[in-house]
Structure formats: C-alpha cells, structure tokens
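Following: one structure in structure tokens, then a few remarks.
Residue numbers (my numbering): 2 to 224.
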C-alpha cells in the first residue's frame with residue numbers, strides 16, 4: 002500500500018471524515034471488513050484497491066469526493082440502525098454521500114422504506130444492486146465518474162470509460178431507460194444526484210411520463 006495514502010487514511014476517525022483525504026485516480030479505498038470478499042475480488046479486476054481499517058462506518062471511497070455506505074440484505078432487516086448510520090453519514094461526512102443497497106424481492110418493502118428515507122428526507126441517492134458483482138461494477142463506474150472531473154496529466158491514461166459514458170452506464174440500470182434518454186437527462190441535470198432529487202414533473206419534461214415514473218421509482222422506492 003502506498004505509505005502516503007495509508008498515512009492520510011489512518012487519520013480518519015469513526016465518525017468524522019477528513020476533507021483532505023485523497024484517493025488517487027484509478028483507485029478505490031475499501032473498509033477492512035470487505036477484504037477478501039467477493040466484492041473485493043471483483044473490484045481488484047477493475048481498480049487498484051486500498052484496504053483500510055480506519056474508515057469507521059463508511060464502506061468505500063470511489064474518489065476523494067465521494068463516500069459510499071453499503072447496505073446488505075441482512076442490514077435491511079435492522080431498519081432503525083441503518084437509518085441512524087445514514088443520518089450520521091449525512092451529518093459528519095464532508096464528501097458526497099451515496100448508498101448502495103442489495104435489493105431482494107422478499108425485502109422489497111424494507112428497501113423501499115430505506116430508499117424513500119435516504120432520498121426524500123436526506124437527499125442521499127440510493128442505488129440498487131442484486132449481488133456483490135454488480136456492486137463492484139457500479140463502484141468502478143462511480144470511480145470513473147467522480148474522478149473524471151480533474152484528470153492528472155502525469156498519470157498513465159485510464160482504461161475505464163470517460164465520465165459521460167460511465168454516468169450513462171449508471172443510468173441505464175433504471176428499468177426501461179434507453180441511452181438516448183439517459184444522455185438527455187445528463188445534459189439537463191449533469192449528475193446522478195441531480196437526477197435523483199428531481200421531481201417527476203421535471204423529469205417528465207425531459208424523458209416523458211413513463212420513463213420519469215420509472216426513474217422516480219428507482220431512486221425513491223415508490224410503488
């Protein structure tokens with residue numbers, strides 16, 4: 002592990018995330034509890050991984066600007082504990098917060114409650130995955146999106162998709178949303194967070210009523 006990266010990360014506390022932590026382009030910082038997991042193995046085929054035991058409640062840092070809380074199916078059963086973690090993430094994290102949650106048919110109600118709470122009450126986007134392999138792909142896409150704003154000209158050219166392409170790929174996870182409409186949304190709102198917080202009425206003006214409803218359901222968990 003790069004010693005300078007380790008030094009910065011070791012200064013993190015359980016509750017407060019320092020603003021000056023930097024994640025190099027092409028890397029992702031993961032909490033030690035994920036070391037050796039299926040998700041970690043999948044991530045290593047996509048990015049350089051840095052494992053740390055000083056991330057507190059945060060599970061992943063896809064970039065210097067974003068922090069991800071990962072919710073498993075088991076976590077969904079403890080709704081109050083998860084909500085407390087999300088609130089703490091919002092209050093104490095200097096970075097852009099995101100939630101990735103495993104979505105299972107048997108726990109759809111719990112997932113919907115979580116998604117509605119995070120998005121509607123706290124303004125934190127929630128993105129669904131069905132397994133850890135999907136989660137690894139999504140995190141790699143987020144790394145490309147978040148790190149693509151200020152590329153370092155001295156680094157080896159990256160092999161991941163450019164920012165606009167990675168954002169489009171993320172949006173194509175919305176059921177029924179095609180590439181043309183995904184690009185139209187990005188031209189209008191510029192980020193996943195902007196789209197997640199947009200009302201159905203405004204989305205309808207860009208992609209039509211059916212697609213707007215699908216997007217709103219995806220980000221807000223409304224049935």
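Glycine included, C-beta positions come from ideal geometry on N, C-alpha and C.
> Taking DSSP as the reference, what is the three-state secondary structure of residue 65?
Replying inline: The three-state secondary structure of residue 65, taken from DSSP, is coil.
> Over what stretch of residues does the alpha helix (DSSP H) that includes residue 84 continue unbroken?
Replying inline: 80-93 is the extent of the alpha helix (DSSP H) around residue 84.
>> Determine, for residue 57, whether the minimum Cβ-Cβ distance to residues of chain D falls below 8 angstroms.
In response: The question asks about chain D, but that chain is absent: this structure has only one protein chain.
> Contact between the segment 73-88 and the segment 96-115: three or more CB pairs below 8 angstroms?
Replying inline: Taking a cut-off of 8 angstroms on C-beta distances, the segment 73-88 touches the segment 96-115, as three or more cross pairs fall below it.
> Just how far apart, CA to CA, sit residue 46 and residue 174?
Replying inline: 21 angstroms
>> Considering Cα atoms alone, identify which of 113, 65, 78 and 82 is closest to residue 98.
In response: 65
> Below 8 angstroms between beta carbons: does that hold for residue 1 and residue 212?
Replying inline: With the chain covering only 2 through 224, there is no way to say anything about residue 1.
>> Comparing C-alpha positions only, which one of 69, 36 and 92 sits nearest to residue 53?
In response: Ranked by Cα distance from residue 53, the first of 69, 36 and 92 is 36.
>> Looking only at its chain, what residues have a beta carbon closer than 6 angstroms to the beta carbon of residue 202, apart from the 5 residues adjacent to it on each side?
In response: Around residue 202, the same chain offers no residue with a beta carbon nearer than 6 angstroms, after the five sequence neighbours per side are excluded.
> By Cβ distance below 6 angstroms, which residues in the same chain neighbour residue 134 in space, the five residues on each side in sequence not counted?
Replying inline: 43
> Using 8 angstroms as the threshold, is the segment 121-132 in touch with the segment 24-32, meaning 3 or more CB pairs across them?
Replying inline: no
> Relative to the C-alpha of residue 141, which residue among 23, 34, 33 and 40 is closest?
Replying inline: 40
> Which of the three DSSP states, helix, strand or coil, is assigned to residue 218?
Replying inline: If DSSP states are grouped into helix, strand and coil, residue 218 belongs with the helices.
>> Is it buried or exposed, residue 78, if we count other Cβ atoms within 10 angstroms and call 16 or more buried?
In response: exposed
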